[in-house]
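Residue numbers (the working numbering): 19 to 215. Heads up, the beta-carbon is just placed ideally off N, CA and C, and yes, glycines get one too. Bear in mind the structure is a predicted one, so any value in this text is a computation, not a measurement. The structure appears below as structure tokens.
Printed below as a string of structure tokens:
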């Protein structure tokens, strides 16, 4: 399976920004995105992207569209995704409609992945990365409380957190160790700054 739909972006004039929310497991990506959905409910120029994943929805983690690997491969071959990438034995995709929204100058917000960035940046010309950071002791508590990982898996996640991402151009580092609205308001300011509609 191809790991990305390369070249699709060359046919699309992108006026608006794709905002990717990334961060280590336990950093609160889903919580932040849900907070933003509520805060931006009246904004028709904002699209919250539903990813397609080759995994059934469990009602706990990210709200997404589910496909079997065979269905995903078929949809990919039919050009229904703007970009796809593999991670953790699964396949992920962003729908083609995102490009239409960005072409018209809107802002699209998606749950992202650091490993997906090279693929996404090949297909979208204007990408702003919001990287959520959490204090180590708080992250450990969150991971333990949700009970999905073993202690060994938590240790591995903490190791990856140490090398997650460095500040850079079009990257907003946001501390999500405290109240959700503090992180949310920082991201709202970014969205206001980059909105053109």
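By how many angstroms is the C-alpha of residue j removed from the C-alpha of residue i?
i, j, result
"residue 85", "residue 70", "7 Å"
"residue 141", "residue 155", "37 Å"
"residue 6", "residue 64", "Examination of residue 6 is not possible in this model, given that the chain is present from 19 through 215 alone."
"residue 158", "residue 165", "11 Å"
"residue 124", "residue 145", "13 Å"
"residue 121", "residue 213", "13 Å"
"residue 139", "residue 40", "14 Å"
"residue 23", "residue 151", "Per-residue confidence for residue 23 stands at a pLDDT of 47, beneath the threshold of 50, marking its modelled position as unreliable; no derived number is given."
"residue 95", "residue 137", "17 Å"
"residue 130", "residue 52", "14 Å"
"residue 208", "residue 192", "11 Å"
"residue 37", "residue 133", "15 Å"
"residue 210", "residue 50", "16 Å"
"residue 195", "residue 114", "34 Å"
"residue 197", "residue 54", "14 Å"
"residue 170", "residue 185", "28 Å"
"residue 163", "residue 90", "33 Å"
Can you check which of these residues, the options, is closest to residue i by C-alpha distance?
i, options, result
"residue 202", "56, 32 and 42", "56"
"residue 117", "130, 174 and 143", "143"
"residue 190", "90, 147, 91 and 34", "147"
"residue 153", "39, 43 and 115", "43"
"residue 103", "83, 185, 135 and 115", "135"
Residue i bridges to which residues according to DSSP?
i, result
"residue 111", "70 and 102"
"residue 118", "According to DSSP, which records beta bridges pairwise, residue 118 is partnered with nothing at all."
"residue 128", "38"
"residue 189", "147"
"residue 83", "70"
"residue 64", "125"
Count the other C-beta atoms from every protein chain shown that fall within 10 angstroms of the C-beta of residue i, then say buried if there are 16 or more, exposed otherwise.
i, result
"residue 168", "exposed"
"residue 199", "exposed"
"residue 187", "exposed"
"residue 62", "exposed"
"residue 126", "buried"
"residue 88", "exposed"
"residue 105", "exposed"
"residue 92", "exposed"
"residue 60", "exposed"
"residue 46", "buried"
Could you pull out every residue in the same chain whose Cβ sits closer than 7 Å to the Cβ of residue i, ignoring the five residues on either side in sequence?
i, result
"residue 108", "71, 72 and 73"
"residue 112", "67, 69, 99, 100, 101 and 128"
"residue 82", "68, 69, 70, 71 and 75"
Go through its chain and collect everything with a Cβ distance to residue i's Cβ below 8 Å, but skip five positions before and after it.
i, result
"residue 32", "117, 120, 121, 142, 143 and 144"
"residue 161", "43, 44, 167, 172 and 175"
Beta-carbon within less than 6 Å of residue i's beta-carbon, same chain only, minus the 5 sequence neighbours each way: which residues are those?
i, result
"residue 97", "none"
"residue 35", "125, 144, 146 and 212"
"residue 205", "148"
"residue 110", "69, 71 and 103"
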